[in-house]
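Same order as they appear, the protein sequences are chains A and B. Our numbering puts the first residue of the first sequence at 8, with every later residue one more than the last. Our numbering puts the first residue of the second sequence at 8, with every later residue one more than the last. Inspection log for the structure reproduced underneath, given as structure tokens.
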Amino acid sequence: MPDGDGTPDKIEQAVRAVLGSLSGDLTVTEAALLAELEGLGREVARAKSEIAALRVEDINHSHIPTATDELDAVVEHTAAATNEILDCCEKLEGLQPGLSGEAADVVGSVVTRIYEACSFQDITGQRIGKVVAALKAIEKRVAAVSESFGRGPEPAPAEEERAPLTEGQKLANGPQLPGGGTSQEEIDRLLASFD
Amino acid sequence: MAIDKNTNVLIVDDYKTMLRIIRNLLKQLDFNNVEEATDGQEALAKLRAGHFGLIISDWNMQPMTGLDLLKEVRADGRLKDTPFIMITAESKTENVVAAKAAGVSNYIVKPFNAETLREKIEKVMAHA
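So this is what it looks like as structure tokens:
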């Protein structure tokens, strides 16, 4: 059961050590144990070669960084587009004083609805931030699995020195998915219950 | 009780686009004296240096969150009575309860509309 690089791995060494320690004929139990141990060694070797075939380094060195860069670009582009929309709205608002009563009201109402709708950028930005955090967590786990299967230590990011989280930071998990949070009406009722 | 629309309003959010949206919505509600901050620390510095009659803050900001800012405001002798509205995507009950315990005046969940903003501002300023 050689390792990927041709050197004997720990299980093979263990089998050899057990064999070396035995003298005389093996009992049925010893033979069964040895067979189990060898089988286990083969499974580990197979898992290692499968992990090697997965090219886990690509996940951490290429796929995840590319995915996070793409998501950052999504946030940047939607922010730029939203700001363009807001520029246009502010120009329309500037025309309002020169319009007749009804037309001014319509422009005002439509511009307000556009402002409200533009808050999508904030919500999507926060959701994408959560996806990036999830990808980084996967990256760490992949690195840990890779290292534990003897593929050599990957250049793991140094653990940051972190101050203890404040209550505000611990509770900052939004935005919630539809149905996972509380509606404005429920929040209003909850706040009123404290009065 | 009439609402003083000349009051200075501080809006706090780490998304510049969101600051711009809230500023524009406030303008439509005739609040024109609006200042901005992009996190709790910057907001606290502005609050301590100036005079504000209303704070509208996001929750999820670094390094100081909106909840931490609220606690600082309520612990400050000069600022403690300033109306404070949280506008946030944090919509879990535990967040609302924590904000109320810290002394929030009202709580708006994103996405929100101009009518909700107007209603909450009028409510908190009537009690100020």
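Heads up, the beta-carbon is just placed ideally off N, CA and C, and yes, glycines get one too.
Item	Value
Stretch-stretch touch, CB-based, cutoff 8 Å, three pairs: the stretch 57-66 of chain B with the stretch 74-85 of chain B	yes
Sheet register partners of residue 91(B) (DSSP bridge)	62(B)
Beta-carbon gap between residue 50(B) and residue 16(B) smaller than 9 Å	no
Span of the alpha helix (DSSP H) around residue 141(A)	127-155
Contacts that residue 132(B) makes with chain A (C-beta to C-beta distance below 7 Å)	The premise fails here: residue 132(B) is roughly 16 Å from chain A at the closest Cβ pair, so nothing lies under 7 Å.
Proximal residues of chain A, C-beta to C-beta of residue 74(B) below 9 Å	173, 174, 175, 176, 178 and 179
Burial state of residue 69(B), where buried means 16 or more other Cβ atoms lie within 10 Å	exposed
Beta carbon of residue 88(B) nearer than 9 Å to that of residue 135(B)	yes
Chain B contacts from the stretch 97-129 of chain A (Cβ-Cβ distance under 9 Å)	97, 100, 115, 118, 119, 120, 122, 123, 124, 125, 126, 127, 128 and 129
Beta-carbon spacing of residue 105(B), residue 133(A) below 9 Å	no
Per-residue burial, residue 13(B) [other beta carbons within 10 Å of its own, 16 or more giving buried]	exposed
Run of the beta strand (DSSP E) containing residue 44(B), from where it starts to where it stops	41-44
Residue-level contact to chain B via CB, residue 71(A), 9 Å cutoff	no
Contacts that residue 90(B) makes with chain A (C-beta to C-beta distance below 8 Å)	By Cβ distance, chain A contributes nothing, its closest Cβ being about 14 Å from residue 90(B), past 8 Å.
Under 7 Å from the C-beta of residue 75(A): neighbouring residues of chain B	Ordered by position in chain B, no residue passes the 7 Å Cβ test against residue 75(A), which lies about 18 Å from the chain.
Interface flag, residue 119(B) vs chain A, CB-CB below 9 Å	yes
Bounding residues of the beta strand (DSSP E) (the contiguous stretch that carries residue 113(B))	113-116
Bridge partner(s) assigned by DSSP for residue 10(B)	None; residue 10(B) has no bridge partner.
Beta carbon of residue 123(A) nearer than 9 Å to that of residue 32(B)	yes
Chain A residues whose Cβ lies nearer than 8 Å to that of residue 32(B)	119, 122 and 123
Residues within the stretch 91-102 of chain B neighbouring chain A, beta-carbon criterion of under 7 Å	95, 96, 97, 98, 99, 100, 101 and 102
Beta-carbon spacing of residue 92(B), residue 114(B) below 9 Å	yes
Residues within the stretch 182-200 of chain A neighbouring chain B, beta-carbon criterion of under 9 Å	182, 183, 187, 188, 189, 190, 191, 193, 194, 195, 197 and 198
Which of helix, strand or coil DSSP assigns to residue 17(B)	strand
Member of 190(A), 70(A) and 174(A) whose CA lies at the smallest distance from the CA of residue 139(A)	70(A)
Beta-carbon neighbours of residue 41(A), restricted to chain B and to distances below 9 Å	Simply none; closest approach about 56 Å.
Separation of residue 149(A) from residue 97(A), as counted between CA atoms	48 Å
Neighbour flag for residue 12(A) against chain B, beta carbons, 9 Å	With a pLDDT of only 49 at residue 12(A), under 50, the local geometry of the prediction cannot be trusted, and the value read off the model is given with reservation. Residue 12(A) does not count as touching chain B.
N-terminal and C-terminal residue of the alpha helix (DSSP H) that residue 54(B) is part of	47-56
For residue 201(A), three-class secondary structure by DSSP	helix
Supposed contact pair residue 89(A) and residue 24(B) - C-beta distance, whole angstroms, cut 8 Å	5 Å
Length of the line joining the Cα atoms of residue 163(A) and residue 99(B)	Caution applies to residue 163(A), whose pLDDT of 48 falls short of 50 and renders its modelled position unreliable; the model cannot decide the point.
Chain B contact for residue 67(A) (CB, 9 Å cutoff)	no
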